[in-house]
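Enquirer: Residues in the sequence shown are numbered from 42 upward in steps of one, following my numbering. Note that CB positions come from ideal geometry on N, CA and C, so glycine has one too. Remember, it's a predicted structure, so these values are computed and weren't measured experimentally. A single structure is presented below for examination.
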Amino acid sequence: MTFKRIRNKKIDTQTTYPVKLLQDLDEKRLQFHVQSNVNTGMEDHEKEEVHLKKVLQKSELHIPTPKIEQIEGVIEKYKPLYKKSKEYIKFNDDCPNDYILSEEDLHFCKENNFTEAFFVDYLSQMKDENEKFLQNKIKKQCNSNSSNIGYSNFDTSYISNTSVIGNNSIDNNTIGSNIINRNNIIISNNDGIIEDLSSMVNGITANYNEIQSTPFGLNISQDENSQKITQIMPEKIEKLRDYIQDRILLLYDNNGFNAYACFRRYIIKAARQSRRSETTCIDQIHKVFGEMRYTENLFQIAQHKFETELDLAKTISGISNLGCAQSLLYKNVNASDKKFRRNVMNPILGIKRKEKIVPFYKKCKFATLRFDKNLILELQKVMYEGDKHKKDDIDKAFNLFEYFGSNEM
Numbered sequence: 042m043t044f045k046r047i048r049n050k051k052i053d054t055q056t057t058y059p060v061k062l063l064q065d066l067d068e069k070r071l072q073f074h075v076q077s078n079v080n081t082g083m084e085d086h087e088k089e090e091v092h093l094k095k096v097l098q099k100s101e102l103h104i105p106t107p108k109i110e111q112i113e114g115v116i117e118k119y120k121p122l123y124k125k126s127k128e129y130i131k132f133n134d135d136c137p138n139d140y141i142l143s144e145e146d147l148h149f150c151k152e153n154n155f156t157e158a159f160f161v162d163y164l165s166q167m168k169d170e171n172e173k174f175l176q177n178k179i180k181k182q183c184n185s186n187s188s189n190i191g192y193s194n195f196d197t198s199y200i201s202n203t204s205v206i207g208n209n210s211i212d213n214n215t216i217g218s219n220i221i222n223r224n225n226i227i228i229s230n231n232d233g234i235i236e237d238l239s240s241m242v243n244g245i246t247a248n249y250n251e252i253q254s255t256p257f258g259l260n261i262s263q264d265e266n267s268q269k270i271t272q273i274m275p276e277k278i279e280k281l282r283d284y285i286q287d288r289i290l291l292l293y294d295n296n297g298f299n300a301y302a303c304f305r306r307y308i309i310k311a312a313r314q315s316r317r318s319e320t321t322c323i324d325q326i327h328k329v330f331g332e333m334r335y336t337e338n339l340f341q342i343a344q345h346k347f348e349t350e351l352d353l354a355k356t357i358s359g360i361s362n363l364g365c366a367q368s369l370l371y372k373n374v375n376a377s378d379k380k381f382r383r384n385v386m387n388p389i390l391g392i393k394r395k396e397k398i399v400p401f402y403k404k405c406k407f408a409t410l411r412f413d414k415n416l417i418l419e420l421q422k423v424m425y426e427g428d429k430h431k432k433d434d435i436d437k438a439f440n441l442f443e444y445f446g447s448n449e450m
């Protein structure tokens, strides 16, 4: 037994609530909590298809298949009720009923050096001859074996209503014939008819040898896209006939054929709790898309900024390199010009070279400086110009040095 739990319930303070202890409750009066149906997010018609999910999950092996039966007279009964619209497209007049070549047909034509136009013309001629031959054969057997088989009133008009496998259109008068898996199937109610028709269809290829010279009276206009039959080897014609015969072979079956319905393999996907989350997901996707777009724009702006800075650095570097090269060039030119003027032009113009004035203290030696008072005075003027006290000290030192030096000498 489970109890119902209530969370965050607002209690009115004005009303009185009975409070009971747990030991005072009677177990017989307690009610079981019935859980309410949770919305799964499925439609009503989807809930009815649960048996298909069980079948696809291989939990059940029984597949309910529809029973296909031929209904006669129903179309004629309801045909007057249908009125054609003025905007109705006449498929028989507007749309060409041409054979569409598949990849297998194109590969066959390329392998045997057949053009597409020749293949289609030959197939249409072979189809017509096949229908005429089969119709005459059925009429003969119907007339000769009507008393034994019991189908003298058998309608052979359906033969003219068959179409080549691969055509996407069916005659409006076709009743009881369907195109399934690119094959023509005609349902009959008599097993004897099925056996005779099967034997006749299987013997069609053998009867083609009667018209071996001109296959089905084929007359193809000789243009740029067609080939002459006389230029094709008989082996290739036989190979082409066998290939096309498989494409227009009529299949017959009885009404007791058990049809099966085919389903695609079931793919298990994560179930959603509610379909209300669709709008939330869409909003989140739009938000993420906007953020990604904003990030992409920022990235493009930053990339443009870095590229501009790199171009600016390259330009500054080029300018500095050019300035260094030009200054070096000018320096070399000025040095050469000065040398030319000093060595060539100045002697011609009579310009004497200025001699550099070298200070006396750089030319004199210490031995001469010791005993030459005039040099010492000049040195004093240069070093201690304006400082009389230092000059007197130097004079006293010179007198002492001269006195003691003369005694040593």
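Quick one: what does DSSP say residue 60 is sitting in, helix, strand or coil?
Expert: Coil.
Enquirer: Let me make sure I understand the geometry here. Which of 364, 142 and 153 has the alpha-carbon closest to that of residue 161?
Expert: The option with the nearest alpha carbon to residue 161 is 142.
Enquirer: Below 8 Å on the Cβ atoms is my contact criterion, and I expect residue 280 with residue 153 to pass it. Report the Cβ-Cβ distance as a whole number of Å.
Expert: Contact flag correct, Cβ pair sits at about 7 Å.
Enquirer: What's the call for residue 164, buried or exposed, on a 16-neighbour Cβ count within 10 Å?
Expert: The residue is buried, with at least 16 neighbouring Cβ atoms inside 10 Å.
Enquirer: Report buried or exposed for residue 167, applying the criterion of at least 16 other Cβ atoms within 10 angstroms of its Cβ.
Expert: It counts as buried.
Enquirer: Let me know the secondary structure DSSP gives residue 452 once reduced to three states.
Expert: Lying before the first or after the last residue shown, residue 452 is absent from the chain, which here runs from 42 to 450.
Enquirer: What separation, rounded to the nearest whole angstrom, lies between the Cα atoms of residue 381 and residue 373?
Expert: Their backbone Cα atoms lie some 12 Å apart in a straight line.
Enquirer: Look up residue 155 in the DSSP assignment and say whether it is helix, strand or coil.
Expert: The answer is coil: DSSP assigns residue 155 none of H, G, I, E or B.
Enquirer: Would you mind stating whether residue 284 and residue 149 have Cβ atoms separated by less than 7 Å?
Expert: Yes, Cβ-Cβ distance for residue 284 and residue 149 is below 7 Å.
Enquirer: Just to check, is the beta-carbon of residue 342 closer than 6 Å to a non-hydrogen atom of the ligand ZN?
Expert: As for the ligand ZN, it is missing from this structure, which has no ligand bound.
Enquirer: Spatial neighbours of residue 65 within its chain, please: C-beta separation below 8 Å, excluding the five flanking residues on both sides.
Expert: Contacts found: none.
Enquirer: Please report the straight-line C-alpha distance between residue 68 and residue 330, rounded to a whole angstrom.
Expert: Computed Cα separation, rounded: 59 Å.
Enquirer: Drop a sphere of 10 angstroms on the beta-carbon of residue 58, count the other beta-carbons inside from all chains shown, and report buried for 16 or more, exposed for fewer.
Expert: By the 10 Å Cβ count, residue 58 comes out exposed.
Enquirer: Measure the C-alpha to C-alpha separation of residue 340 and residue 157 and round it to an integer number of angstroms.
Expert: The straight-line gap from Cα to Cα measures roughly 55 Å.
Enquirer: What did DSSP end up calling residue 353 once you bin it into helix, strand or coil?
Expert: It is helical.
Enquirer: For residue 72, which three-state DSSP category applies?
Expert: The answer is coil: DSSP assigns residue 72 none of H, G, I, E or B.
Enquirer: Excluding the five sequence neighbours on either side, which residues of its own chain have a C-beta within less than 6 Å of the C-beta of residue 277, listed in chain order?
Expert: Taken in chain order, the residues that qualify are 153.
Enquirer: Rounded to whole angstroms, what is the Cα-Cα separation between residue 360 and residue 378?
Expert: Roughly 27 Å between the two C-alpha positions.
Enquirer: Compute the Euclidean distance between the alpha carbons of residue 384 and residue 398, then round it to the nearest angstrom.
Expert: Looking at the two C-alpha atoms, the distance is approximately 21 Å.
Enquirer: Go ahead and pull the three-state DSSP assignment for residue 140.
Expert: Coil, per DSSP.
Enquirer: Have a look at residue 420 and residue 366 and give me their C-alpha separation to the nearest angstrom.
Expert: Computed Cα separation, rounded: 47 Å.
Enquirer: With H, G and I counted as helix, E and B as strand and the rest as coil, what does DSSP make of residue 360?
Expert: The answer is helix: DSSP assigns residue 360 an H, G or I state.
Enquirer: Does DSSP put residue 16 in a helix, in a strand, or in coil?
Expert: Outside the modelled stretch of the chain, which goes from 42 to 450, sits residue 16, for which no answer is possible.
Enquirer: Rounding to the nearest angstrom, what Cα-Cα distance links residue 363 and residue 348 in this structure?
Expert: Between residue 363 and residue 348, the C-alpha separation is close to 23 Å.
Enquirer: If you draw a straight line from the C-alpha of residue 144 to the C-alpha of residue 337, how long is it?
Expert: In a straight line, the C-alpha of residue 144 is about 45 Å away from that of residue 337.
Enquirer: Count the other C-beta atoms from every protein chain shown that fall within 10 angstroms of the C-beta of residue 159, then say buried if there are 16 or more, exposed otherwise.
Expert: Buried.
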